[in-house]
Every structure is written in structure tokens, then in C-alpha cells.
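Participant: Take 1 as the starting number for the sequence shown in UniProt numbering and just add one per residue.
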Amino acid sequence: MDKVYGAYLCTGCSIGDVLDVDGLKGAASETGMEMQEHACLCGAEGQALIKKDIEEKGVNTVVVCACSPRVMQDTFDYGDGTITIRGNLREHVAWTAQPDEEDEEAAEYLQEVGEDYVRMAVTRAKKSAVPVPYKMEQITKSILVMGGGIAGITAATEAAKAGYEVTIVEKTDKLGGKALGWRKMFPTAYPYSELEQPNIEQMIAEVTSNAKITVKTETEVARISGAPGEFGVTLKPAGTESEWDAPAKVGVDERDKIEKGEMEDPNTGLKVYTEADPDAELFGAVVLATGWRPADVSEYEHLGHGTLQNVVTNAEFEKLAKQGKVPAKVAFIQSPGSTDNDRDFPYCNSVTSMVALKQAQYVCDDNGDAAQAYILYQHMRTPGNTELFYKGMQQRDGVFMTKATVTKVEEAGGGLKVTAENTLLGDDLELNVDMVVLAAGMVPTTVDEPTINLAYRQGPGFLDLDLFDGYADSHFICFPYETRRTGVYACGGVRKAETMEETIDDATGAALKAIQCIESADRGVAVHPRSGDQTYPDFFFQRCTQCKRCTEECPFGALDDDAKGTPLPNPTRCRRCGTCMGACPERIIGFADYNVDMIGSMVKCIEVPDDDEDKLRIAVFVCENDAYPAVDMSGMRHNKMNTLVRFIPVRCLGSVNMVWIKDAMSSGMDGVLLLG
1 MDKVYGAYLC
11 TGCSIGDVLD
21 VDGLKGAASE
31 TGMEMQEHAC
41 LCGAEGQALI
51 KKDIEEKGVN
61 TVVVCACSPR
71 VMQDTFDYGD
81 GTITIRGNLR
91 EHVAWTAQPD
101 EEDEEAAEYL
111 QEVGEDYVRM
121 AVTRAKKSAV
131 PVPYKMEQIT
141 KSILVMGGGI
151 AGITAATEAA
161 KAGYEVTIVE
171 KTDKLGGKAL
181 GWRKMFPTAY
191 PYSELEQPNI
201 EQMIAEVTSN
211 AKITVKTETE
221 VARISGAPGE
231 FGVTLKPAGT
241 ESEWDAPAKV
251 GVDERDKIEK
261 GEMEDPNTGL
271 KVYTEADPDA
281 ELFGAVVLAT
291 GWRPADVSEY
301 EHLGHGTLQN
311 VVTNAEFEKL
321 AKQGKVPAKV
331 AFIQSPGSTD
341 NDRDFPYCNS
351 VTSMVALKQA
361 QYVCDDNGDA
371 AQAYILYQHM
381 RTPGNTELFY
391 KGMQQRDGVF
401 MTKATVTKVE
411 EAGGGLKVTA
421 ENTLLGDDLE
431 LNVDMVVLAA
441 GMVPTTVDEP
451 TINLAYRQGP
461 GFLDLDLFDG
471 YADSHFICFP
481 YETRRTGVYA
491 CGGVRKAETM
501 EETIDDATGA
511 ALKAIQCIES
521 ADRGVAVHPR
531 SGDQTYPDFF
541 FQRCTQCKRC
551 TEECPFGALD
561 DDAKGTPLPN
571 PTRCRRCGTC
581 MGACPERIIG
591 FADYNVDMIG
601 SMVKCIEVPD
611 DDEDKLRIAV
621 FVCENDAYPA
631 VDMSGMRHNK
641 MNTLVRFIPV
651 RCLGSVNMVW
661 IKDAMSSGMD
671 GVLLLG
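1) Strictly by DSSP, which residues pair up with Cys364?
2) Between Ser209, Met500, His38, which lies nearest to Thr157 when the distance is taken from Cα to Cα?
3) With 16 other CB atoms within 10 Å as the buried threshold, where does Tyr273 fall?
4) Who are the Cβ neighbours of Arg70 in its own chain at under 6 Å, not counting the five residues just before and after it?
5) What are the start and end residues of the alpha helix (DSSP H) that includes Gly509?
6) List in chain order: all unbroken beta strand (DSSP E) runs of 3+ residues lying wholly within the region 604-641.
7) May I have the straight-line CA-CA distance separating Val113 from Asn642, to the nearest angstrom?
8) Can you tell me where the beta strand (DSSP E) with Val406 in it begins and where it stops?
9) Please report the distance separating the alpha-carbon of Thr268 from that of Leu673.
10) So what's Thr486 in DSSP terms, helix, strand or just coil?
11) Counting Cβ pairs closer than 8 Å, one from the region 450-463 and one from the region 313-322, do we hit at least three?
12) Name, in chain order, the residues that DSSP records as bridge partners for Glu281.
13) When the Cα atoms are used, what is the spatial distance from Leu9 to His379?
14) Indicate whether Pro537 and Cys491 have their beta-carbon atoms separated by less than 8 Å.
15) Can you give me the start and stop residues for the alpha helix (DSSP H) that Ala125 sits inside?
16) Mark Ala507 as exposed unless 16 or more other C-beta atoms lie within 10 angstroms of its C-beta, in which case mark it buried.
17) The beta strand (DSSP E) spanning Phe389 covers which residue range?
18) Are the beta-carbon atoms of Gly176 and Ile213 separated by less than 8 Å?
19) Alpha carbon to alpha carbon, how far is Thr423 from Tyr390? Give it in angstroms, no decimals.
20) Leaving out five residues on either side along the sequence, give the residues of the same chain with a beta carbon under 7 Å from the beta carbon of Thr566.
21) Less than 6 Å between C-beta atoms, sequence neighbours within five positions excluded: which residues of the same chain meet that for Met435?
22) Determine, using beta-carbon pairs with one atom in the region 79-97 and one in the region 51-66, whether at least three such pairs fall under 8 Å.
23) Taking 8 Å as the threshold (C-beta atoms), are Gly600 and Val525 in contact?
24) What do you get for His92, buried or exposed, if any count of 16 or more other CB atoms within 10 angstroms of its CB means buried?
25) Just checking my contact of Gly16 with Val122 at CB under 8 Å: how many whole Å lie between their CB atoms?
26) Can you name the residues that DSSP bridges to Ile224?
27) Return the bridge partner residues of Trp292 from the DSSP annotation.
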């Protein structure tokens, strides 16, 4: 399709007051486009101007030099088949470096900034092509839920309510997970003072009676191949082996040696990562709700777990409590007792604090006036409404709380003696109790186990980056529910230690993400973080040297290998970050509207002064996900900004190809900054 350009300059929002409009239009003309000006392009008249050109002149590539591309996106979206390129003259120029009216030099510097941004916008438009969405030949809209506890049951129920077919795979012989062993639940309603009866049986009844939900107990996922919209899932009876059992972990260096024949593959061969299983069931997305296991606390020898009778974990105590075996004197130890007072048991958070309070109430309920529940802590965490329950327990007869360092647990007179120091009371303590309960944390099932068993080149589990303590998360705050594998969404204990209320919210969010993923794959667009993006990486394989840089460096496992070792793209797994493009030494990877030539051309169109020591030029490659919004927010607050820098937005710092830095230096720039 031939491109017809339309370039428009907004003079409102101080742009026309501090910049020479004719100079800006001249910069566009020099770069190959004639630019029209208007006082308010986002207003009715400004929009009518652009839309008239689209309708009457066939304009399909629109350049708007005005405000940030992060604002008014819907206003300047003219539908499929039309490209809109935004030049940021407001937040990055007019609002950030307004000069003194009498300072001609400052005004000159500012004008140079504006003209460079106009040139870059025009250049970007000329190098962009209309993206064509990736359309799958077939798509499956059913959802697989791994795990049949509270998280899995909730995710399945919510997805079914939205009209989707769901299959729950649970490795035990019944649904319900650890909630089946609960004696009571935390308070969920005002005044948050009384424990509640578990409702897990009601939840199980609801899910098993739903015609859209299939439940497969005593079953495990042996392998997941494919991509969003067409995951091939191989199941197996729980506890059995299969030909697709997770292979041993192989590092990057070892994998290269295997491919070169320098060492034996500890698995069955690299083909195990990408080979398809013809008998696999098809699903559009996966919800990972495999939960957690209690942390091992036997390493803390001074506390006696595993060696002393009646020293139990909180999970073990809950089982005893449900059976009615709660002694009268119990010490609840929340910290292993370290000289570092900030240290708690691994994988502890507010849930373990709440569990101690709940179980202290069991002691009181079962033993009346004889009850003595001691809670020894370094940190008590009761956020939100749970603070009310905490305050109520503080006032309860028989419950005693103090900050303390527990130094020893030992047998004494048929019971146990707990020695603690550095208490809030200022005295050391010796407590004689019947039982000691250790606040073992909630370890996600993804720790030390592949769990998900992906048939990906980068291995069967999530990348071990030591960022999330083994939790299945892409980023806990920025991208909740999203794992580093597109189409797989985590919730419940596998994502973080959570209460039942938090787990239900979490599972609902994960189910909605799974639905969003399926529908986005059906439309041929990205699901996240560039939601709705129609582009995907295009490979010029004729020049591929099979160096494996793209396959190894893709953070999301979007690339496998074909039988010859050539990169095998999976577009629906792709997050459109461009890391493969930045990694490729041959520069054979690009997007319709984002590629090596485009950014390189933008760098080259920045005017660099001739040997002027006072006019330095610094190219700043700015990540659109985090750094660019930060610069925008600074501009919105009218903070001053150095006029010697030029911001070039990139999809991700991983997409920065070294040739761009070479181009910047070759053009005479004084430096390059990567901001992300």
C-alpha cells in the first residue's frame, strides 16, 4: 500500500509561545514533509482538519507534533490502516525548558530541541509500515487451570461465568487443597473479630456442578507445548513418569556445548523442548494455581523441629486443631531467633502473622481459663481490616504477645521450655509450655520444581533470575498475574503468600488475564504490556547465522528452534519488546513500525553542532515502559530539562542494538545514555 503523509503541528499548550513555528515547519520540510499548523489539534476543529485530509486526500500516515504520545491516544487513533506518529513538543520541550525571554542563547538551544524532535517524528513516519496482525489458522478458547485449591476453583468458576470452557487438573484425589484441613477461616466481615467456618465444601459443590467445568483429579500436567491460543497439553496420572517428564536444567553455556557436540545432553536431546505431542489436549491459556508447601524449618536446630516432640509447624498445628487436639499452653514462634532482628522464617509475610493469631484463638476456645497462648515475634503484620482482629486478640485473656528473640527450645519436665531474650518487657523469658508452633512460611510450588513443564527451548520452568524468590511472576507490582511465559497466569500461593480473600481476588484477576490473552490472540494483537499492538517481529532468515542470541535472550521464551537449529518464532508468545532485535548481530529482525533502520535514521537526523564545546549532544534511549513515563511526568510538572539531550523512545532497553550507539558516535554525538 502506498503511503500518503499528513504532518500537523499544534501551537497550543505553550508550544507556539516558546518555539518558532516557522522553524519547526521548516525542519519538517527539510526532512521530506510539508506541515500544517493549528492552535488545538485535539479540539473539534483540529480533528476535523486531520480527518478531512484522511478522507479527501487518502492520508494514511499521520504525523502529529504536539503533546506526549502517552496522552490522548484515542483522540489521535484513526483506525486500522492508518499510522499515527507523535512528536513530543509539549512535555519534552515547551513545558520543560522555557527560556527567559531576553536570553537569546537559551531560546536558540530550545528551538534546536524542538526541530530535532520534528525531524525524528517525520523520519519515524517515513520508516514505518502499516502493521498486519498475526492471525492463527485455528484457535482454542478453552482454559486449563492447574490446581484445584481455592485459587484454581475460583479461577475456573469465574472463567466459566464469562462463558469459557475450563478444565481443572488436580494431582490429589479431591478438590479443595489445603483449605480442606482448615478448622476456621480468618474474619472477612466487620467487625473482623470472629473466625468463620470454612466454605470450601460449598465452593467445591459449585464448581463440580458447573457444566462448563471439567475436573480431572489424580492427574498432572506432563508437558505444555505450543503458544497462547493453541497450547498442547499432555496429561498423565499423578505420580507416574512419562516420556515428557521435565528434563534436567541446562544452562546457556552447557546448551552451546551440547549443540557443538562437546558434551552429552543430560536429557533426551534438545528436541524435547519443541517437539509436538500429537495426542495433546488443546487450550487457549493456562492458569497456574498449584499453590504452596510449608517451608522446611528443621535447619534451625535450636528450635527442635524434627528432634523434639510437640515442636510443630503452623500447618501441622492446624491439622491437630481440626482434630480437636489443642493443648492449653502453646508458644507461637514467628522468627527463628537471629542476631539480625529483621530476619523472619523464609517465605513469611502477613499471612503467617494472621495464622498465629487465629491459632492462638483455638487455644483460648478449647481451654478456657487455663489457656496460655504466647506469640513471640520480630514482626507482626496485619494489614487493612485484619488490624481489627489483631487488636481484638491483644485484649483477649490468655493471649500474650511480645517482641523477642528465641534462643532455645528444650525438653523440661514432660513439656518444653522456651528461652527468649530482648523482649519488649526488658527481661529475658523462660516459658514452660506444652507445645511450640513454628511459623513456617508458604513456599510456592515453583521453587525447585518445574511444575509447569513447558516444552520451550529455554527450559520447562520459569527463568531463575533470583528476582521473586521462586514465585511465578513477571513483576509483582507492574504486571500482576503475568508470568514470564505469555499465556500462563499465576494466582494464589504460587504467586505470593495470601489469605483466602486475597486468593479469590487473585484468581479472578488471573482468569480475566487468561481470557484477555485468548481474545487478543484471536484478534492477532499483543495482550501485554503493549496491549492491542498489531506488530510482531519479522525475521529475514536468509541471513540468519543460527547464533542463538535471539532464542537465548528473549525474556519470554517466544523463540524455539526448528530441526535445523534456526529460530522458530511463536508470535502469540511474543511481548513485542524487541529484545530479539537488539540481540541480533546480523540485524535481521524488525517490526513494521519499529526496526533497526528506523531508530538508526532517527539518530542520524539529529543535528550535531560543528566542534562547539558548549553545544554537546547526548542521545538518550528511553524505555517506553517506565523511563519515558517518568520523563513525561517531570515535564507535566514543568521541571526544567537540559536542552543538550535528545530522548529517543524504545520499546525496551533490551531492544537497543549496538549499531544505534555506533551511529550516534559516528554522527559526532558526545555521549549516549540508556534510561530504563
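Every residue, glycine too, gets a C-beta built ideally from N, C-alpha and C.
Facilitator: Let me lay it out:
1) Walking along the sequence shown from the start, residue 364 turns up at place 364. Cys364 pairs with nothing; no bridge assigned.
2) Looking up residue 157 in the sequence shown gives position 157. For the residues Ser209, Met500, His38, the minimum Cα distance to Thr157 belongs to Ser209.
3) Within the sequence shown, the letter at position 273 stands for residue 273. For Tyr273, the predicted structure reports a pLDDT of 49, less than 50, and the residue's modelled location is therefore unreliable. The matter cannot be settled from this model.
4) What you label residue 70 is simply residue 70 of the sequence shown in a count that begins at 1. Excluding five sequence positions before and after Arg70, the CB atoms of its chain that fall closer than 6 Å to its own CB belong to Asp632, given in chain order.
5) Here residue 509 refers to the residue found at position 509 when the sequence shown is read from its first residue. Segment 500-523, the alpha helix (DSSP H) holding Gly509.
6) List check, beta strand (DSSP E) in window: 618-623.
7) Along the sequence shown, one-based indexing puts residue 113 at 113. Along the sequence shown, one-based indexing puts residue 642 at 642. Distance between the alpha carbons of Val113 and Asn642 is about 10 Å.
8) By one-based count along the sequence shown, residue 406 stands at place 406. Looking at the DSSP string, the run of the beta strand (DSSP E) that includes Val406 is 405-412.
9) For the purposes of this step, residue 268 is identified with residue 268 of the sequence shown, where counting begins at 1. For the purposes of this step, residue 673 is identified with residue 673 of the sequence shown, where counting begins at 1. Interpretation of Thr268 is limited by its pLDDT of 42, a score under 50 that renders its predicted location unreliable; the figure taken from the coordinates is listed afterwards. Computed Cα separation, rounded: 45 Å.
10) Position 486 of the sequence shown, counted from the start, is the residue given in the question as residue 486. The three-state reading of DSSP puts Thr486 in coil, since its state is none of H, G, I, E or B.
11) Judged by pairs of C-beta atoms under 8 Å, the region 450-463 does not touch the region 313-322, as fewer than three such pairs exist.
12) Within the sequence shown, the letter at position 281 stands for residue 281. As DSSP reads the structure, Glu281 sits in a beta bridge with Val233.
13) Taking the sequence shown and counting its residues from 1, one reaches residue 9 at position 9. Taking the sequence shown and counting its residues from 1, one reaches residue 379 at position 379. Whole-angstrom Cα-Cα distance: 57 Å.
14) One-based indexing of the sequence shown puts residue 537 at position 537. One-based indexing of the sequence shown puts residue 491 at position 491. Between Pro537 and Cys491, the C-beta gap is not smaller than 8 Å, which leaves the two residues out of contact.
15) The residue labelled residue 125 in the question sits at position 125 within the sequence shown. Segment 104-126, the alpha helix (DSSP H) holding Ala125.
16) Translated into the one-based positions of the sequence shown, residue 507 becomes position 507. Buried, because 16 or more other Cβ atoms sit within 10 Å of the Cβ of Ala507.
17) Walking along the sequence shown from the start, residue 389 turns up at place 389. No beta strand (DSSP E) holds Phe389; the alpha helix (DSSP H) holding it covers 386-394.
18) Along the sequence shown, read from residue 1 onward, the residue named residue 176 stands at position 176. Along the sequence shown, read from residue 1 onward, the residue named residue 213 stands at position 213. The beta carbons of Gly176 and Ile213 sit no closer together than 8 Å.
19) Here residue 390 is taken as the residue at index 390 of the sequence shown, counted from 1. Here residue 423 is taken as the residue at index 423 of the sequence shown, counted from 1. Approximately 19 Å, taken between the alpha carbons.
20) Taking the first residue of the sequence shown as position 1, residue 566 is located at position 566. Closer than 7 Å at Cβ, skipping near neighbours: Phe541, Cys544, Gln546.
21) Looking up residue 435 in the sequence shown gives position 435. Asn310, Pro327, Val330.
22) Cβ pair count under 8 Å is three or more, so yes.
23) Sequence index remark: in the sequence shown, residue 525 carries index 525 (1-based). Sequence index remark: in the sequence shown, residue 600 carries index 600 (1-based). Taking 8 Å as the Cβ cut-off, Val525 and Gly600 do not qualify as a contacting pair.
24) As a working note, residue 92 is residue 92 in the sequence shown. Under this definition His92 is a buried residue.
25) Taking the first residue of the sequence shown as 1, we reach residue 16 at position 16. Taking the first residue of the sequence shown as 1, we reach residue 122 at position 122. 19 Å between Cβ atoms; not a contact.
26) The count along the sequence shown starts at 1 and reaches residue 224 at position 224. Val233, Leu454.
27) For the purposes of this step, residue 292 is taken as residue 292 along the sequence shown, with counting starting at 1. Answer is Pro444.
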